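Participant: Residue numbers (UniProt numbering): 1 to 772. We put the CB at the ideal spot given by N, CA and C, even for glycine. From a predicted model like this one, the values you see are computed outputs, not experimental measurements.
As structure tokens, then:
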């Protein structure tokens, strides 16, 4: 809607822009298991694997496992299941190197939960993806005058208008788990512990308490917000409560015990009690900051309106025209030989900027006047009664008590579900948290009365999964016979796909931050409805709607391929051959695929612009993980530990979010710190005006503070550190090692495989789907 209006405006002004791009990903919801797009992607990946194995010498001895969208589970968890299964084998090499790629923040917790020391996570540095090297000339020049903005890196930036066939250079970074473990060991040091501390169990507890900040399956505890330094709060409470609890909260060696015996609920209850002591302070500060922000924005809007109304009556600045002409002249001299293309690119760039601003302003509830008065006022006397009355429409004491118990039990189930999911496997495919809100920390009482158990069932089939997650607007991604269940007004499950829905924006500034109150899916009712249309599926759609195992690919000269040769010449699709790990460095089972795994020396390309593979030398099998013998939540014997490089001096200490004014913590300047004097429009001063070890309390909602004439301004805009340490890629049984000199850091950028250090900043994580 907004884009159409802007395009009409540019057209009326005679400014040409690039046409709107449409492709298979115009609706990103097609990136969901069961769609035709994902089927094409799977075929393209198989083609790519075979092409590499045939033509790239570096792939000659590699075995590749393809687990596409028809194999149930999230991608990162399928990888971790493979690692856990291999790790439980007798002949497993404890010094195996693992490298996992992805932006999902879950990868960090999964890597820690593996208790594999030699583990690295490779990811794009999304906060540094504002390099203009590949932009067209006009975009480069515009980029110089534009302040770089942070972005999540999910979509191309406006300046990334590059020719077809040319790839954009991206900065990458490594997170080395062995270094992160060092930081956690220092940061989770318990003063005078009542039991002997074990870093492996401390890490397990750390993973567990971080679940309270929310994930893909349960919402965060209301007082625990990530942007309010939630992890710092949880770690501080844990250290303060450790001795009161009497030790650790979880014991993952008892993961297979019934009724979640691996969690000490009495200790967990003490942890929640300590956490609840901070609730009202956090809510009050949050409320005050929001009220202040709202007043500032409304005042600024009123000032802008006054300025626009009186602009015509104001005297012009004599320097204005000259500066405007100079700026215009600078841009007009850029790449004069391709002025037309540059004009179109510049117009398109401006269109995208305007569209981004328009969409953001539309989502800004305060600026657009859609912010409702806060009638709950968390932290103000009576806040909990008001919360349950407004959110759940319950007021009576016994009704509120029953509701709290239900929420606490389901949330406790969710915590146990997530823990099992991270450390072992899916405890139940059908479990979900049936509330839009999490309980308050102060509601977690009497936890010993709750018994936790799950029903182990099967995952949904791909089309049922699509029906459970797609909105009505994406029904085109479904087979025709399924669409009517979503679109037809008389459909028995039409209520699952409302055209209008309520979004709870309480305490939020932007619409996208709100809680979308979609109806919860009744799985039995959904499956009952889809069964009535299954007979109408085409043959190729039936194939798309099946669940199948992983596939493993290798060259036909591979030792494993020769050992499994008999599978190629007989119809034995149900027979599974155990892999001999002593000869293949791999454990598991093989079975022949439907096409017998033989390409007959020819593999047809599924891509129009790629040629067929002639003289194909690859083979493929179905691959099954070995059954893990047990969970091993500790380092394995004979693992080679990297030399520790961190000390207490590497751990930064800062006050908890609710203890200081503003949104940014004060910076303590020590006598040895080399800080240059800073001056700004608000105040100017000398460095020696700041006393040693004096915290500077400042900063408003926008992260900028002002100080008096004799006080220098100190701003905290994010951590920065030199990086170092080694990195490894897991390639069979060998490791490719690159060493970087400098101060050791958990995060470090990836450049060439050489020596050197580089500046580093943290990034954002993503999210996944429970059944994806």
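Just the Cα atoms here: how many angstroms apart are residue 52 and residue 508?
Facilitator: 49 Å
Participant: Buried or exposed for residue 244, going by 16 or more other Cβ atoms inside 10 Å?
Facilitator: exposed
Participant: Just to confirm, is the Cβ distance from residue 250 to residue 238 under 8 Å?
Facilitator: no
Participant: Taking the straight line between their C-alpha atoms, what separation do you get for residue 559 and residue 618?
Facilitator: 13 Å
Participant: Going by Cα to Cα distance, which pick from 103, 83 and 420 is closest to residue 115?
Facilitator: 83
Participant: Quick check: what's the CA-CA separation for residue 2 versus residue 467?
Facilitator: 29 Å
Participant: State yes or no: is the C-beta of residue 391 within less than 8 Å of the C-beta of residue 433?
Facilitator: no
Participant: Inspect the beta-carbon positions of residue 376 and residue 220 and report whether they are closer than 8 Å.
Facilitator: At a Cβ-Cβ threshold of 8 Å, residue 376 and residue 220 do not count as neighbours.
Participant: Beta carbon of residue 378, beta carbon of residue 278: below 8 Å?
Facilitator: For residue 378 and residue 278, no; Cβs fall outside 8 Å.
Participant: Which stretch, first to last residue, makes up the beta strand (DSSP E) that contains residue 234?
Facilitator: Not the beta strand (DSSP E): residue 234 falls in the alpha helix (DSSP H), residues 230 to 245.
Participant: Which one of 664, 177, 217 and 662 has the shortest CA to CA distance from residue 97?
Facilitator: 177
Participant: Beta-carbon separation of residue 47 and residue 606 under 8 Å?
Facilitator: yes
Participant: Run the CB neighbour count on residue 633, radius 10 Å, all protein chains shown included, and call it buried at 16 or more, exposed below.
Facilitator: In this structure residue 633 is buried. Its beta-carbon is surrounded by 16 or more other beta-carbon atoms within 10 angstroms.
Participant: State the CB to CB distance for the pair residue 465 and residue 371, rounded to an integer number of angstroms; the pair is presumed to be in contact (CB under 8 Å).
Facilitator: Not quite, the Cβ-Cβ distance comes to about 36 Å (not below 8 Å), so this is no contact.
Participant: What is the rounded straight-line gap between the Cα of residue 439 and the Cα of residue 387?
Facilitator: 11 Å
Participant: Do residue 190 and residue 112 have their C-beta atoms within less than 8 Å of each other?
Facilitator: no
Participant: With a threshold of 8 Å, are at least 3 pairs of Cβ atoms found where one atom belongs to the stretch 631 to 647 and the other to the stretch 264 to 278?
Facilitator: The answer is no - the stretch 264 to 278 does not touch the stretch 631 to 647, with fewer than three Cβ pairs under 8 Å.
Participant: Return the CA-CA distance between residue 502 and residue 290, expressed in angstroms with no decimal places.
Facilitator: 22 Å
Participant: Any idea if residue 733 is buried or exposed, counting beta-carbon neighbours within 10 angstroms, 16 or more meaning buried?
Facilitator: Unreliable positioning characterises residue 733 in this predicted model, as indicated by a pLDDT of 37, which lies under 50. The coordinate reading is nonetheless provided below. Classification for residue 733: exposed.
Participant: Rounded to the nearest angstrom, what separates residue 180 and residue 283 at their Cα positions?
Facilitator: 31 Å
Participant: Residues in the same chain with beta-carbon distance under 7 Å from residue 422, minus the five sequence neighbours each way, listed in chain order, please.
Facilitator: Non-local beta-carbon contacts of residue 422 in its own chain, meaning distances under 7 Å to residues more than five positions away in sequence, involve 109, 110, 113 and 207 in chain order.
Participant: Can you tell me which of the three DSSP states residue 481 falls into?
Facilitator: Residue 481: helix per DSSP, three-state reduction.
Participant: Give the range of the alpha helix (DSSP H) segment to which residue 270 is assigned.
Facilitator: Here the alpha helix (DSSP H) through residue 270 covers 265 to 276.
Participant: Kindly indicate the opening and closing residues of the alpha helix (DSSP H) around residue 38.
Facilitator: 36 to 55
Participant: Suppose contacts are defined by Cβ-Cβ distances below 8 Å. Is residue 783 in contact with residue 408 by that definition?
Facilitator: Outside the modelled stretch of the chain, which goes from 1 to 772, sits residue 783, for which no answer is possible.
Participant: What is the DSSP secondary structure of residue 454, counted as helix, strand or coil?
Facilitator: When DSSP states are grouped into helix, strand and coil, residue 454 belongs to the coil group.
Participant: For the beta strand (DSSP E) containing residue 98, name the first residue and the last one.
Facilitator: 98 to 101
Participant: Work out the CA separation of residue 38 and residue 594 for me, nearest whole Å.
Facilitator: Between residue 594 and residue 38, the C-alpha separation is close to 20 Å.
Participant: Taking the alpha carbon of residue 345 as the reference point, which residue from 17, 11, 61 and 6 has its own alpha carbon closest?
Facilitator: Closest option to residue 345, Cα to Cα, is 17.
Participant: Give me the DSSP bridge partner(s) of residue 121.
Facilitator: 100 and 175
Participant: Helix or strand or just coil, what does DSSP make of residue 337?
Facilitator: For residue 337, the predicted structure reports a pLDDT of 40, less than 50, and the residue's modelled location is therefore unreliable. A value from the coordinates is still provided. The DSSP-derived three-state label of residue 337 is helix.
Participant: Is the stretch 471 to 481 touching the stretch 447 to 457, taking contact as three or more C-beta pairs under 8 Å?
Facilitator: The answer is no - the stretch 447 to 457 does not touch the stretch 471 to 481, with fewer than three Cβ pairs under 8 Å.
Participant: Three-state secondary structure (DSSP) at residue 435?
Facilitator: In the structure shown, residue 435 sits in coil (DSSP, three-state: anything other than H, G, I, E or B).
Participant: Rounded to the nearest angstrom, what separates residue 349 and residue 417 at their Cα positions?
Facilitator: 46 Å
Participant: Using the C-alpha atoms, what's the distance from residue 457 back to residue 66?
Facilitator: 24 Å
Participant: In the DSSP assignment, find the alpha helix (DSSP H) that holds residue 224 and state where it starts and stops.
Facilitator: Residue 224 -> no alpha helix (DSSP H), and no H or E assigned at all.
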